[in-house]
Amino acid sequence: MPPLLTLQIDGPVEARLPDGAPVPGLSARGRAMLAYLALAPDRQASRIALATLLWGDRAEEQARGSLRQELSSLRKRLPDGALHADRSAVRLGAVEIAEGPAGADLLADVALHCEPFEDWLREARAQRHAQLAGAALAAAERALADDNGAAAQDAAERALSHDPDDERALRVLLRAAADGGRPGPALATCQAFAERQRADHGTGLSDDTRTLADALHKSGPAAPRPKEARSEPAIAVLRFEELTRGADDMFADGVVEEITGALSHVRDFRVIARQSAFALGAEALDVTEAARRLRADYLVEGTVRRSGERVRISVQLVDGETGATLWADRYDDRMDDLFELQDRIAAHVAGQLSPSLRAAEIRRAGARQPADRSAYDLMLTALPHFWAHRKADNDRAIALLDAALEQDPDYVPAMAYKAWALAQKPSYMWSDDPDADHRAALVAADAAAQRVTDHAPSLVAIGAAVTLSGNDVDRANSLIDRALAIDPNNAWGWMRRGWAWTYCGRAEEALDAFDRAEELSPLDPFRFNIFFGQAVAVRTLGRYDEAIRLLREGMHANPGCTWVYRILAGVYTLMDRKADADAMLRKLTEHYPHLTVGYLLNCIPPTARHFQPDYIEALKRMGLPE
Numbered sequence: 023m024p025p026l027l028t029l030q031i032d033g034p035v036e037a038r039l040p041d042g043a044p045v046p047g048l049s050a051r052g053r054a055m056l057a058y059l060a061l062a063p064d065r066q067a068s069r070i071a072l073a074t075l076l077w078g079d080r081a082e083e084q085a086r087g088s089l090r091q092e093l094s095s096l097r098k099r100l101p102d103g104a105l106h107a108d109r110s111a112v113r114l115g116a117v118e119i120a121e122g123p124a125g126a127d128l129l130a131d132v133a134l135h136c137e138p139f140e141d142w143l144r145e146a147r148a149q150r151h152a153q154l155a156g157a158a159l160a161a162a163e164r165a166l167a168d169d170n171g172a173a174a175q176d177a178a179e180r181a182l183s184h185d186p187d188d189e190r191a192l193r194v195l196l197r198a199a200a201d202g203g204r205p206g207p208a209l210a211t212c213q214a215f216a217e218r219q220r221a222d223h224g225t226g227l228s229d230d231t232r233t234l235a236d237a238l239h240k241s242g243p244a245a246p247r248p249k250e251a252r253s254e255p256a257i258a259v260l261r262f263e264e265l266t267r268g269a270d271d272m273f274a275d276g277v278v279e280e281i282t283g284a285l286s287h288v289r290d291f292r293v294i295a296r297q298s299a300f301a302l303g304a305e306a307l308d309v310t311e312a313a314r315r316l317r318a319d320y321l322v323e324g325t326v327r328r329s330g331e332r333v334r335i336s337v338q339l340v341d342g343e344t345g346a347t348l349w350a351d352r353y354d355d356r357m358d359d360l361f362e363l364q365d366r367i368a369a370h371v372a373g374q375l376s377p378s379l380r381a382a383e384i385r386r387a388g389a390r391q392p393a394d395r396s397a398y399d400l401m402l403t404a405l406p407h408f409w410a411h412r413k414a415d416n417d418r419a420i421a422l423l424d425a426a427l428e429q430d431p432d433y434v435p436a437m438a439y440k441a442w443a444l445a446q447k448p449s450y451m452w453s454d455d456p457d458a459d460h461r462a463a464l465v466a467a468d469a470a471a472q473r474v475t476d477h478a479p480s481l482v483a484i485g486a487a488v489t490l491s492g493n494d495v496d497r498a499n500s501l502i503d504r505a506l507a508i509d510p511n512n513a514w515g516w517m518r519r520g521w522a523w524t525y526c527g528r529a530e531e532a533l534d535a536f537d538r539a540e541e542l543s544p545l546d547p548f549r550f551n552i553f554f555g556q557a558v559a560v561r562t563l564g565r566y567d568e569a570i571r572l573l574r575e576g577m578h579a580n581p582g583c584t585w586v587y588r589i590l591a592g593v594y595t596l597m598d599r600k601a602d603a604d605a606m607l608r609k610l611t612e613h614y615p616h617l618t619v620g621y622l623l624n625c626i627p628p629t630a631r632h633f634q635p636d637y638i639e640a641l642k643r644m645g646l647p648e
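Residue 134 in the numbering used here is what sits at position 112 of the sequence shown, and the numbering runs on without skipping anything.
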């Protein structure tokens with residue numbers, strides 16, 4: 023029989039009905055239960071096992087009662103026959119398991135902070151990655167035997183996304199690239215693999231792998247350009263100092279382990295293995311010497327102080343070359359659930375450290391002579407122009423990204439940010455030909471999407487371009503989901519998820535996403551765009567006064583965003599405040615004297631054109647020419 027339900031359990035958990043519509047209102051424990059059953063033998067489990075797994079921190083009777091309530095809630099939301107429960111067991115009906123984002127963790131968006139569940143999830147994730155890596159590698163070898171190099175390379179990349187240390191998969195990848203695949207990305211993956219092995223394990227490539235890589239490199243014009251002198255930086259998290267008299271350092275070490283793990287998901291820098299950083303713990307080294315020994319550009323160091331049920335953790339990011347402090351923060355919390363506390367601290371540090379590290383790298387790149395800048399440097403110097411949100415700056419960003427791509431035509435971050443910058447031209451009414459610029463943005467986004475692997479910032483940028491210039495919000499959401507599955511602490515990913523959900527009409531969920539973005543990066547250069555997204559979401563919910571306040575806050579944060587007058591005019595129209603709406607329209611036409619209704623419709627992101635059709639009619643009534 024056809025499936026009654028489609029489950030995605032890798033990455034963000036999704037349950038979809040046969041018509042493709044998502045099942046609404048599933049709780050975290052409900053999603054966890056469905057995933058557990060999907061992986062269980064015969065897709066069933068005893069009630070006792072489920073109650074212990076999901077409510078193991080509660081008394082037995084309370085856990086059983088909670089299970090009954092959750093089953094009742096699931097049966098109301100799922101199709102008839104998708105879930106069966108009797109007095110002793112629960113099982114899934116005809117359910118299909120859909121493939122999630124490559125390399126994504128099982129149940130990436132579920133955190134229950136229940137010890138039995140966390141223990142199971144840790145082991146299940148490892149088993150799931152091993153299972154998917156093995157299946158992908160087998161598929162790659164079959165495709166290679168069928169002389170389908172492109173398919174073999176895709177499958178080998180999936181295998182490596184689940185097991186980045188599998189050198190057998192790397193060899194299949196190199197053979198596939200030589201047999202009709204894509205040599206450039208394969209050699210880049212090989213180089214990154216070799217660097218990671220040297221940094222983490224002190225080893226390199228095997229002779230067999232090196233032979234394949236050398237042959238592919240010599241095979242002709244498809245081989246990549248030599249790597250530039252400077253690429254993504256390396257960062258190491260040093261052992262935190264425990265300042266509490268008599269306390270052991272296990273809690274501090276646990277915090278460091280969680281921070282290291284969270285940072286390892288950020289593909290803008292390479293994280294030195296924890297064991298390498300901890301090996302220096304007994305030596306009295308200053309930060310510059312520690313950085314030199316670890317071959318790290320930046321160091322994270324910190325202290326832990328406990329007092330009763332309270333803990334204070336101080337963290338700072340240090341330049342490994344100069345010893346200068348680039349960012350510092352303090353985290354105060356209760357010592358309740360240690361694992362949950364460590365998770366919270368790691369997410370807080372990872373989210374706020376990334377923008378500071380990016381700013382430091384932009385300063386480094388800007389200090390280099392223009393002629394000496396690598397593709398990576400040029401991409402970095404483009405970013406401040408990109409987020410300035412002014413026409414001239416956006417054009418400058420595109421020019422710098424083009425220069426980066428001249429040096430390295432396969433450099434995915436430059437391709438992705440260029441797609442986003444191109445999409446900004448029509449969306450913010452800087453374009454002479456909106457339709458052409460929307461098309462150019464999608465062409466650039468497609469090119470980047472064909473090459474991107476597990477670089478979360480690039481996936482976010484591609485998703486943003488698709489949101490702004492395309493009409494496929496499901497594709498945009500899929501790209502952003504992949505990014506957040508890789509790096510759950512990517513503030514721009516949460517910001518773009520908020521915008522995409524706004525265009526889907528999921529305003530409440532959009533507000534949660536915007537709040538998460540602001541929490542992760544409260545001083546982000548894109549903070550103004552978070553305000554604007556929140557404003558559009560609350561406008562959808564009919565909270566017009568709040569929308570006006572948020573729009574004003576966003577314009578105060580970035581006065582160059584004059585295109586926002588079009589939203590202000592629309593909100594005032596919905597409030598029947600004609601004089602204010604007319605005033606906003608006058609300001610809009612002062613900044614955009616060429617503005618017509620037709621031009622505005624061509625500029626607005628296609629995914630947003632179905633919003634507020636009465637808004638366009640109101641602009642016509644106010645005298646905006648068609």
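Glycine is no exception: its CB is placed at the ideal position from the N, C-alpha and C atoms.
Proximity below 8 Å, CB of Phe361 to CB of His135
Within the sequence shown, residue 361 is the residue found at index 339, counting from 1. Within the sequence shown, residue 135 is the residue found at index 113, counting from 1. Yes, the pair counts as a contact, with Cβ atoms nearer than the cut-off.
Opposing strand residues paired with Arg332 [DSSP bridges]
The residue given as residue 332 occupies position 310 in the sequence shown. Looking at the DSSP output, Arg332 bridges to Ser329 and Arg356.
Could you pull out every residue in the same chain whose Cβ sits closer than 7 Å to the Cβ of Leu154, ignoring the five residues on either side in sequence?
By one-based count along the sequence shown, residue 154 stands at place 132. Answer for Leu154: His184, listed in chain order.
Pair within 8 Å by beta-carbon distance, Ala505 and Gly485:
Residue numbering aside, residue 505 sits at position 483 when the sequence shown is read from its first letter. Residue numbering aside, residue 485 sits at position 463 when the sequence shown is read from its first letter. A contact, by the Cβ cut-off of 8 Å.
Beta-carbon proximity check, Ala539 vs Ala487, cutoff 8 Å:
For the purposes of this step, residue 539 is identified with residue 517 of the sequence shown, where counting begins at 1. For the purposes of this step, residue 487 is identified with residue 465 of the sequence shown, where counting begins at 1. Not in contact: Ala539 and Ala487 (Cβ atoms no closer than 8 Å).
When burial is assigned at 16 or more other CB atoms within 10 Å of the CB, is Pro246 buried or exposed?
If you number the sequence shown from 1, residue 246 lands on position 224. Only weak support exists for where Pro246 lies, its pLDDT of 40 falling under 50; the coordinates are left without a value.
Can the beta-carbon of Leu533 be found less than 8 Å from the beta-carbon of Ala559?
As a position in the sequence shown, residue 533 is number 511, starting the count at 1. As a position in the sequence shown, residue 559 is number 537, starting the count at 1. The answer is yes: Cβ separation under 8 Å.
Sequence-distant residues of its chain with Cβ nearer than 6 Å to Gly276 (five each side left out)
Position 254 of the sequence shown, counted from the start, is the residue given in the question as residue 276. The residues are Gln364.
Asp494 to Tyr614 span [Cα, whole Å]:
Taking the first residue of the sequence shown as 1, we reach residue 494 at position 472. Taking the first residue of the sequence shown as 1, we reach residue 614 at position 592. Each residue's Cα considered, the two are about 28 Å apart.
Cβ separation of Arg53 and Ala73, assumed to be a contact under 8 Å, to the nearest whole Å:
For this step, residue 53 is matched to residue 31 along the sequence shown. For this step, residue 73 is matched to residue 51 along the sequence shown. With a Cβ gap of about 17 Å, Arg53 and Ala73 do not count as contacting.
Does any heavy atom of the ligand GTP sit closer than 7 Å to the C-beta of Trp516?
Absent from the structure shown: the ligand GTP. Ligands present: none.
Using the rule of at least 16 other Cβ atoms within 10 Å of the residue's Cβ for burial, across every protein chain shown, is Met357 buried or exposed?
Start at 1 with the first residue of the sequence shown, and residue 357 comes out as number 335. Met357 should be labelled exposed.
Could you tell me whether the stretch 588-608 touches the stretch 638-645, using the rule of 3 or more Cβ pairs below 8 Å?
Touching, yes.
Check whether the Cβ atoms of Gly78 and Glu137 lie closer than 8 Å to each other.
The residue labelled residue 78 in the question sits at position 56 within the sequence shown. The residue labelled residue 137 in the question sits at position 115 within the sequence shown. For Gly78 and Glu137, yes; Cβs fall inside 8 Å.
Please return the same chain residues whose Cβ sits closer than 6 Å to the Cβ of Gly576, not counting the five positions on each side in sequence.
Within the sequence shown, the letter at position 554 stands for residue 576. Correct list, in chain order: Phe550, Phe553 and Phe554.
From Ile70 to Pro456, what distance separates their C-alpha atoms?
Along the sequence shown, one-based indexing puts residue 70 at 48. Along the sequence shown, one-based indexing puts residue 456 at 434. Going from the Cα of Ile70 to the Cα of Pro456 covers about 60 Å.
Cβ neighbour criterion (16 or more within 10 Å) applied to Gly620
Taking the sequence shown and counting its residues from 1, the one referred to as residue 620 is at position 598. Result: exposed.
Give the single residue among Thr325, Thr618 and Leu316 whose Cα lies nearest to the Cα of Ile335.
As a position in the sequence shown, residue 335 is number 313, starting the count at 1. Of the listed residues, the one whose Cα sits closest to Ile335 is Thr325.
Determine the DSSP secondary structure at Ile294, reduced to helix, strand or coil.
Taking the sequence shown and counting its residues from 1, one reaches residue 294 at position 272. In the structure shown, Ile294 sits in coil (DSSP, three-state: anything other than H, G, I, E or B).
Opposite Tyr320 in the DSSP bridges: which residues?
Taking the first residue of the sequence shown as position 1, residue 320 is located at position 298. Per DSSP, Ile257 and Asp341.
Residue(s) in a DSSP beta bridge with Pro44:
As a working note, residue 44 is residue 22 in the sequence shown. Partner(s): Arg38.
Sorted by chain position, which residues of the same chain lie with C-beta nearer than 6 Å to Leu182's C-beta, five sequence neighbours on each side aside?
Here residue 182 corresponds to residue number 160 of the sequence shown, with the count starting at 1. Spatial neighbours of Leu182 in its own chain (CB-CB distance under 6 Å, excluding positions within 5 residues in sequence) are listed in chain order as Ala191.
Could you tell me if Lys600 is buried or exposed, where buried requires 16 or more neighbouring beta carbons within 10 angstroms of its beta carbon?
On the sequence shown, position 578 is the one that residue 600 refers to. Counting Cβ neighbours within 10 Å, Lys600 comes out exposed, since fewer than 16 surround it.
Separation of Ala210 from Gly242, as counted between CA atoms
Position 220 of the sequence shown holds residue 242. Position 188 of the sequence shown holds residue 210. Residue placement at Gly242 is poorly supported in this model, since its pLDDT is 46, which falls under 50; the coordinates are not used for a value here.
Between the CA atoms of Pro627 and Ala419 - distance to the nearest angstrom:
On the sequence shown, residue 419 is found 397 positions in, with the first residue counted as 1. On the sequence shown, residue 627 is found 605 positions in, with the first residue counted as 1. Roughly 21 Å between the two C-alpha positions.
Taking only three categories from DSSP, how would you classify Thr347?
As a position in the sequence shown, residue 347 is number 325, starting the count at 1. In the three-state reduction of the DSSP assignment, Thr347 falls in the strand class.
If I'm right that Ala557 touches Leu573 with Cβ under 8 Å, what's the distance once you round it to whole angstroms?
What you label residue 557 is simply residue 535 of the sequence shown in a count that begins at 1. What you label residue 573 is simply residue 551 of the sequence shown in a count that begins at 1. The pair is a contact, with the Cβ atoms about 5 Å apart (cut-off 8 Å).
Ala60 versus Pro40, Ala116 and Arg90, residue with shortest Cα-Cα distance:
In the sequence shown, counting from the first residue as 1, residue 60 sits at position 38. Selected option, being the one with the closest Cα: Ala116.
Candidates Trp142, Leu285, Asn511 and Ile257, of which the one nearest Asp319 by Cα:
Locating residue 319 in the sequence shown gives position 297, where the first residue counts as 1. Considering only alpha carbons, the answer is Ile257.
Just the C-alpha distance for Pro292 and Gly226, rounded to the nearest angstrom, thanks.
As a first step, residue 292 must be located in the sequence shown, where it is residue number 270. As a first step, residue 226 must be located in the sequence shown, where it is residue number 204. What sits at residue 292 in the sequence shown is Arg, not Pro. Cα-Cα distance, rounded: 17 Å.
Could you spell out where the beta strand (DSSP E) holding Thr28 opens and where it closes?
On the sequence shown, residue 28 is found 6 positions in, with the first residue counted as 1. First-last of the beta strand (DSSP E) with Thr28: Leu27 to Gln30.
Taking Gln213 as the reference, which of Asp102, Gln84 and Thr231 has the closest Cα?
The residue labelled residue 213 in the question sits at position 191 within the sequence shown. Nearest C-alpha to Gln213: Thr231.
Looking only at its own chain, which residues have a Cβ that is under 7 Å from the Cβ of Leu75, when we skip the five neighbours before and after it?
Working through the sequence shown from its first residue, we reach residue 75 at position 53. Answer for Leu75: Tyr58, Pro138, Phe139 and Trp142, listed in chain order.
Counting only the same chain and skipping the five closest in sequence on each side, list residues whose C-beta sits under 6 Å from that of Pro448.
Reading the sequence shown from its first residue, position 426 is the one you call residue 448. Closer than 6 Å at the Cβ level, and outside the excluded window around Pro448, lie Pro456, Asp459, His460 and Cys625.
With distance defined between alpha-carbon atoms, name the residue in Ala410, Asp417 and Leu427 nearest to Arg395.
Residue 395 sits at position 373 when you count from the first residue of the sequence shown. Residue Leu427 is the option with its Cα nearest to Arg395.
Can you list, in chain order, the residues of its chain with a C-beta nearer than 7 Å to that of Phe548? Leave out the 5 residues immediately preceding and following it.
Locating residue 548 in the sequence shown gives position 526, where the first residue counts as 1. Excluding sequence neighbours, Phe548 sits near Trp409, Trp514 and Met517.
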